[in-house]
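Following: one structure in structure tokens, then a few remarks.
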Amino acid sequence: DGGITQSPKYLFRKEGQNVTLSCEQNLNHDAMYWYRQDPGQGLRLIYYSQIVNDFQKGDIAEGYSVSREKKESFPLTVTSAQKNPTAFYLCASSPGQGANGYTFGSGTRLTVV
Amino acid sequence: AQSVTQLGSHVSVSEGALVLLRCNYSSSVPPYLFWYVQYPNQGLQLLLKYTTGATLVKGINGFEAEFKKSETSFHLTKPSAHMSDAAEYFCAVRGTGGGADGLTFGKGTHLIIQP
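Taken in order, these protein sequences are the chains called W and U. Numbered per the working numbering, the first sequence finishes at 113, counting up by one with no gaps. Numbered per the working numbering, the second sequence finishes at 228, counting up by one with no gaps.
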């Protein structure tokens, strides 16, 4: 079955470390997105990519980086510059514009220890 | 720019009672509208969507929503709540024009079901 896979499900990071969250989709979707979710704050867009080798900053891109070298993959790196990285991270994909919604992964919970 | 407002960050209903989750949007033209559900520590799952045509849309798990252009609303309802409906619900809007419009999400409503 087609879908979008995020790994790992839980991730622990020491302060000052960079960590990379994986997002892979086999839906042949052009667009991919990363969101951060904190209690009571809904979904906040970090980065998005509409095509391979191109990506755009979202509303809260500071302290994060991404790459889109393959259509299927959109990894997110949480750098040491992100001051408060503990959160639930969601990856999503979409065929593109129009009446299409997003397909979401099951999320990665990142905790700084 | 589009925006979505979900009235009530928390809604509590008794099991078997009507569920009503409110969503209003701001858009210059009628957009595409979506409702998603999120269970704890999971991703979002599409409940239903409105694109064109019939304004009453039926989704999964017995939910439905009605698009009312005059009220710029897309409220989510279910006639009889079940304990398994306890979750976070998100309303979202997407522009119908060209360009790079993605989904704009509301802040979510946490649905609590009382036994």
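Glycine included, each C-beta is placed from N, C-alpha and C at the ideal position.
- Judged by beta-carbon spacing, alanine 194 of chain U lies beyond the 7 Å limit of valine 124 of chain U, meaning their Cβ atoms are not closer than that value.
- Within its own chain, the residues whose Cβ lies closer than 8 Å to the Cβ of alanine 130 of chain U, once the five positions on either side in sequence are excluded, are Ser193 and Ala194, listed in chain order.
- Counting other Cβ atoms within 10 Å of its Cβ, glutamate 201 of chain U reaches 16 or more and is therefore classed as buried.
- According to DSSP, residue pairing for glutamine 151 of chain U in a beta bridge involves U:Leu157 and U:Glu201.
- The Cβ neighbour count for lysine 83 of chain W, taken over all protein chains shown within 10 Å, is under 16; the residue is labelled exposed.
- Nearest Cα to lysine 9 of chain W within the set W:Gly16, W:Leu21, W:Gln17 and W:Glu15: W:Leu21.
- Taking a Cβ-Cβ threshold of 9 Å, the residues of chain W close to phenylalanine 147 of chain U are Gly101 and Tyr102, in chain order.
- In chain order, Ala92 and Ser94 place their CB closer than 6 Å to the CB of tyrosine 102 of chain W, counting only its own chain and leaving out the 5 sequence neighbours on each side.
- Taking 7 Å as the cut-off, the Cβ atoms of glycine 42 of chain W and phenylalanine 180 of chain U do not count as close.
- The Cβ of glutamine 155 of chain U sits closer than 7 Å to at least one Cβ of chain W.
- Counting of Cβ neighbours within 10 angstroms places glycine 2 of chain W among the exposed residues, the total staying below 16.
- Judged by DSSP secondary structure, glutamine 227 of chain U falls within the beta strand (DSSP E) whose first and last residues are 222-227.
- Take leucine 169 of chain U, set aside five residues on each side of it, and the residues of its chain with a beta-carbon closer than 6 Å to its own are Glu179, in chain order.
- Look at asparagine 137 of chain U here: in three-state DSSP terms it is strand.
- In the three-state reduction of the DSSP assignment, isoleucine 4 of chain W falls in the strand class, which pools E and B.
- For isoleucine 60 of chain W, there is no enclosing beta strand (DSSP E), as DSSP marks it with neither H nor E.
- Nearest C-alpha to phenylalanine 187 of chain U among U:Tyr145, U:Gln115, U:Asn137 and U:Val126: U:Asn137.
- Only those residues of the region 155-187 of chain U whose C-beta falls short of 7 Å from the nearest C-beta of chain W are listed: Gln155, Gly156, Leu157, Leu159, Lys162 and Thr164.
- Residue pairing of phenylalanine 88 of chain W in beta bridges, as defined by DSSP: W:Gln37 and W:Arg109.
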